[in-house]
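Visitor: Residue 180 in full-length UniProt numbering sits at position 180 of the sequence shown, with consecutive numbering throughout.
Glycine residues also receive a C-beta, built at the ideal position from the N, C-alpha and C atoms.
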Amino acid sequence: MIMDMKLQMVDLHGQYLKIKEEVDAGIRQVIEASAFINGPQVKEFASNLATYSGCKHVITCGNGTDALQIALMALGLKPGDEVIVPAFTYVASAEVIGLLGLTPVMVDVDYATFNVTVANLEKAVSPKTKAVIPVHLFGQSCDMEPIMQFAEKHHLYVVEDNAQAIGAVYTFSDGTKKHTGTIGHVGCTSFFPSKNLGCYGDGGAIFTNDDALAEQLRMIANHGQRIKYHHAVIGCNSRLDTVQAAVLNAKLEHLDEYCHARYEAARYYTSHLKDVQGIITPDELPQSTHVYHQYTLKVLNGKRDALKQHLADSGIPSMIYYPLPLQQQEAFQGITRAAESLDNAEKLAYSVLSLPVHTELTAEQQDLVINSIKDFFK
Ligand SMILES: *Cc1c(COP(=O)(O)O)cnc(C)c1O
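This is how it looks when you write it as structure tokens:
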């Protein structure tokens with residue numbers, strides 16, 4: 001089938017075909033039982049995900065942005081409190097801070113790993129700082145051990161944005177291993193279809209090992225009620241759809257295999273592209289596994305847009321994640337404090353290019369991409 005041969009950024013249909021029977025059966029069960037809201041599959045998935053990630057509590061919700069919003073709501077922050085967030089990320093990480101009347105304080109990221117480091121965070125902390133949102137961008141963990149030490153020293157909450165790194169594992173200096181999203185006080189993830197654990201619509205989840213926080217998160221996601229029709233706090237209505245939970249139950253079983261396939265595809269790209277003059281292939285942090293939500297090159301000397309066009313001319317898709325750093329977004333003008341120069345965020349926004357990377361990618365398809373890039377730089 002020609003459609004399945006086409007090179008895409010992600011191949012959700014190809015992935016579906018391999019697990020079609022499990023997914024179809026799961027969806028059919030939901031429809032047959034017609035328990036569409038909070039059906040048993042939702043609880044089952046939360047429990048499966050808690051087991052998978054080694055986390056005590058998983059609270060499912062409507063999407064990854066809601067997860068971040070609910071996490072910040074549960075921490076009891078007050079308007080004017082500051083929350084530190086990287087300037088180079090998807091907007092949702094910072095948007096929820098502004099939405100709640102808190103002040104996003106933007107920090108630069110490390111040029112090599114795209115992630116925040118303690119050195120960035122140290123420059124941003126003020127007496128008003130209450131929390132920090134490390135984003136595990138493109139599929140690898142921030143260096144969490146020093147970040148947790150930094151947070152403890154300054155009495156800050158750590159809310160991990162794990163939307164792009166579910167399945168990644170971070171190793172502490174004593175050898176302890178933890179899944180990203182379960183290291184901070186709260187972790188958040190998204191099941192947007194193209195994420196590494198994607199459903200067939202919207203979905204999200206919140207992780208915590210703290211019992212009191214878990215109760216608060218659960219209550220806020222459910223209209224602020226612990227007991228039906230008794231509303232203790234102002235909350236919101238954010239639920240994981242039962243049909244999506246059925247899809248996720250089927251896909252969670254394959255998550256490690258999906259992470260591995262992405263990692264192998266990335267390794268293939270890197271082995272063939274690392275010596276090409278004019279690009280920098282992704283750096284891996286030794287403390288973290290990399291689950292390659294994106295395979296992102298840095299294209300030097302202002303050639304990024306020309307390379308993107310060259311690839312497009314050969315029918316090869318590529319994407320710019322993200323073309324504008326947050327400090328340059330109109331929405332954040334006047335509501336944010338920039339703690340330091342955000343040079344790397346700006347430099348990256350003008351040089352990054354993400355190549356197709358997904359679980360169904362073939363070596364032939366990768367060769368097409370590799371040869372086209374080599375051809376451009378020859
Ligand atoms: C996808 C994503 C989100 C938001 O998830 P949604 O489910 O789309 O709301 C938040 N942060 C990051 C880094 C993301 O990539």
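Report whether the distance from the Cβ of LYS195 to the nearest heavy atom of ligand 1 is below 7 angstroms.
Guide: Translated into positions along the sequence shown, residue 195 becomes position 195. It does: the Cβ of LYS195 is within 7 angstroms (strictly closer) of some heavy atom of ligand 1.
Visitor: Is THR117 close to ligand 1? I mean its beta-carbon at under 7 angstroms from any heavy atom of the ligand.
Guide: Translated into the one-based positions of the sequence shown, residue 117 becomes position 117. It does not: the Cβ of THR117 is nowhere closer than 7 angstroms to a heavy atom of ligand 1.
Visitor: Can you list, in chain order, the residues of its chain with a C-beta nearer than 7 angstroms to that of SER318? Leave out the 5 residues immediately preceding and following it.
Guide: In the sequence shown, counting from the first residue as 1, residue 318 sits at position 318. Same-chain partners within the cutoff: LYS308, LEU311, LEU353, SER354 and LEU355.
Visitor: Which of helix, strand or coil does DSSP assign to PRO193?
Guide: By one-based count along the sequence shown, residue 193 stands at place 193. Here PRO193 sits in coil by DSSP.
Visitor: How would you write the range of the alpha helix (DSSP H) that ASP343 sits in, first residue to last?
Guide: Position 343 of the sequence shown, counted from the start, is the residue given in the question as residue 343. Run containing ASP343: 343-349, per the alpha helix (DSSP H) assignment.
Visitor: Between GLY278 and ASN301, is the Cβ-Cβ spacing less than 8 angstroms?
Guide: If you number the sequence shown from 1, residue 278 lands on position 278. If you number the sequence shown from 1, residue 301 lands on position 301. Yes, the pair counts as a contact, with Cβ atoms nearer than the cut-off.
Visitor: Counting along the chain, where does the alpha helix (DSSP H) carrying LYS18 start and finish?
Guide: Translated into positions along the sequence shown, residue 18 becomes position 18. It spans 12-18 - the alpha helix (DSSP H) in which LYS18 sits, taken as one unbroken run.
Visitor: Exposed or buried, what is ARG226 when buried is set at 16 or more other beta-carbons lying within 10 Å of its beta-carbon?
Guide: Here residue 226 refers to the residue found at position 226 of the sequence shown. It counts as exposed.
Visitor: Could you tell me the alpha carbon to alpha carbon distance between ALA221 and ALA74, rounded to whole angstroms?
Guide: On the sequence shown, residue 221 is found 221 positions in, with the first residue counted as 1. On the sequence shown, residue 74 is found 74 positions in, with the first residue counted as 1. Straight-line Cα distance between these residues: approximately 10 angstroms.
Visitor: Could you check whether the segment 81-92 touches the segment 252-260, counting it as contact only if at least three pairs of C-beta atoms, one from each stretch, sit closer than 8 angstroms?
Guide: Cβ pair count under 8 angstroms is below three, so no.
Visitor: Per DSSP, what kind of secondary structure is ILE59 in: helix, strand or coil?
Guide: The sequence position of residue 59 within the sequence shown is 59, counting from 1. Three-state DSSP puts ILE59 in a strand.
Visitor: Please list the terminal residues of the continuous alpha helix (DSSP H) segment that includes HIS223.
Guide: Taking the first residue of the sequence shown as 1, we reach residue 223 at position 223. Looking at the DSSP string, HIS223 is not in any alpha helix (DSSP H), and its letter there is neither H nor E.
Visitor: Kindly identify the DSSP beta-bridge partner or partners of HIS179.
Guide: Locating residue 179 in the sequence shown gives position 179, where the first residue counts as 1. According to DSSP, which records beta bridges pairwise, HIS179 is partnered with VAL169.
Visitor: Please name the residue in VAL169, ASP11, LEU137 and GLY204 whose C-alpha comes closest to that of VAL42.
Guide: Locating residue 42 in the sequence shown gives position 42, counting from the first residue. Per the Cα distances, GLY204.
Visitor: Please find out if some non-hydrogen atom of ligand 3 comes closer than 7 angstroms to the beta-carbon of THR180.
Guide: Absence of ligand 3 from the depicted structure is noted, with ligand 1 being the only ligands included.
Visitor: Roughly how many angstroms separate the alpha carbons of ASN38 and GLN29, rounded to a whole number?
Guide: As a working mapping, residue 38 is identified with position 38 in the sequence shown. As a working mapping, residue 29 is identified with position 29 in the sequence shown. For ASN38 and GLN29, the distance between alpha carbons rounds to 14 angstroms.
Visitor: Enumerated in chain order, which unbroken segments of the alpha helix (DSSP H) with a length of 4 residues or greater are wholly contained in the segment 129-167?
Guide: The qualifying runs are 144-153.
Visitor: For ASP4, count neighbouring Cβ atoms within 10 angstroms of its own Cβ and tell me buried if that reaches 16, exposed if not.
Guide: Taking the first residue of the sequence shown as 1, we reach residue 4 at position 4. With a pLDDT of only 45 at ASP4, under 50, the local geometry of the prediction cannot be trusted, and the value read off the model is given with reservation. Exposed is the call here.
Visitor: When DSSP builds the beta bridges, which residues end up paired with THR208?
Guide: What you label residue 208 is simply residue 208 of the sequence shown in a count that begins at 1. Partner(s): HIS57.
Visitor: Output yes or no for whether 8 angstroms exceeds the beta carbon distance between LEU324 and ALA87.
Guide: Taking the sequence shown and counting its residues from 1, the one referred to as residue 324 is at position 324. Taking the sequence shown and counting its residues from 1, the one referred to as residue 87 is at position 87. In this structure, ALA87 does not lie closer than 8 angstroms to LEU324 by Cβ.
Visitor: Which residues in the same chain as ALA214 place their Cβ atom closer than 6 angstroms to its Cβ, once the five residues preceding and following it in sequence are excluded?
Guide: As a position in the sequence shown, residue 214 is number 214, starting the count at 1. Cβ within range, chain order: HIS57 and THR208.
Visitor: Residues in its own chain within less than 7 angstroms of LEU285 by CB, not counting five upstream and five downstream?
Guide: For the purposes of this step, residue 285 is identified with residue 285 of the sequence shown, where counting begins at 1. Same-chain partners within the cutoff: THR113, GLN140, SER141 and ASP143.
Visitor: Find out if the Cβ-Cβ distance for the pair GLU82, THR103 is shorter than 8 angstroms.
Guide: Looking up residue 82 in the sequence shown gives position 82. Looking up residue 103 in the sequence shown gives position 103. For GLU82 and THR103, yes; Cβs fall inside 8 angstroms.
Visitor: Just mark LYS378 as buried or exposed, buried being the case when its beta carbon has 16 or more other beta carbons within 10 Å.
Guide: Indexing the sequence shown from 1 puts residue 378 at position 378. Exposed.
Visitor: Within the present structure, is the beta-carbon of SER354 separated from the nearest heavy atom of ligand 1 by less than 7 angstroms?
Guide: The residue labelled residue 354 in the question sits at position 354 within the sequence shown. Result no, Cβ not under 7 angstroms from ligand 1.
Visitor: Comparing the CB of ASN63 with every heavy atom of ligand 1, is any distance shorter than 7 angstroms?
Guide: As a first step, residue 63 is located in the sequence shown; it is residue number 63 there, counting from the start. Yes, the beta carbon of ASN63 sits closer than 7 angstroms to at least one heavy atom of ligand 1.
Visitor: In angstroms, rounded to a whole number, what distance separates the CA positions of LEU297 and LYS374?
Guide: For the purposes of this step, residue 297 is taken as residue 297 along the sequence shown, with counting starting at 1. For the purposes of this step, residue 374 is taken as residue 374 along the sequence shown, with counting starting at 1. Their Cα atoms are separated by approximately 13 angstroms.
Visitor: By a C-beta neighbour count over all protein chains shown, 10 Å radius and 16 as the cutoff for buried, is GLY167 buried or exposed?
Guide: Position 167 of the sequence shown, counted from the start, is the residue given in the question as residue 167. That one is buried.
Visitor: Does the beta-carbon distance from LEU217 to ALA71 come in below 8 angstroms?
Guide: Counting from 1 along the sequence shown, the entry for residue 217 is found at position 217. Counting from 1 along the sequence shown, the entry for residue 71 is found at position 71. Result yes, Cβ atoms of LEU217 and ALA71 sit closer than 8 angstroms.
Visitor: Grab the span of the beta strand (DSSP E) containing GLU82 for me, first residue to last.
Guide: Within the sequence shown, the letter at position 82 stands for residue 82. From DSSP, the beta strand (DSSP E) with GLU82 extends over 82-86.
Visitor: Is VAL159 near ligand 1, with its Cβ less than 7 angstroms from a heavy atom?
Guide: As a first step, residue 159 is located in the sequence shown; it is residue number 159 there, counting from the start. VAL159: no, Cβ never under 7 angstroms from ligand 1.
Visitor: From which residue to which residue does the beta strand (DSSP E) around LYS298 run?
Guide: For the purposes of this step, residue 298 is identified with residue 298 of the sequence shown, where counting begins at 1. Looking at the DSSP string, the run of the beta strand (DSSP E) that includes LYS298 is 295-299.
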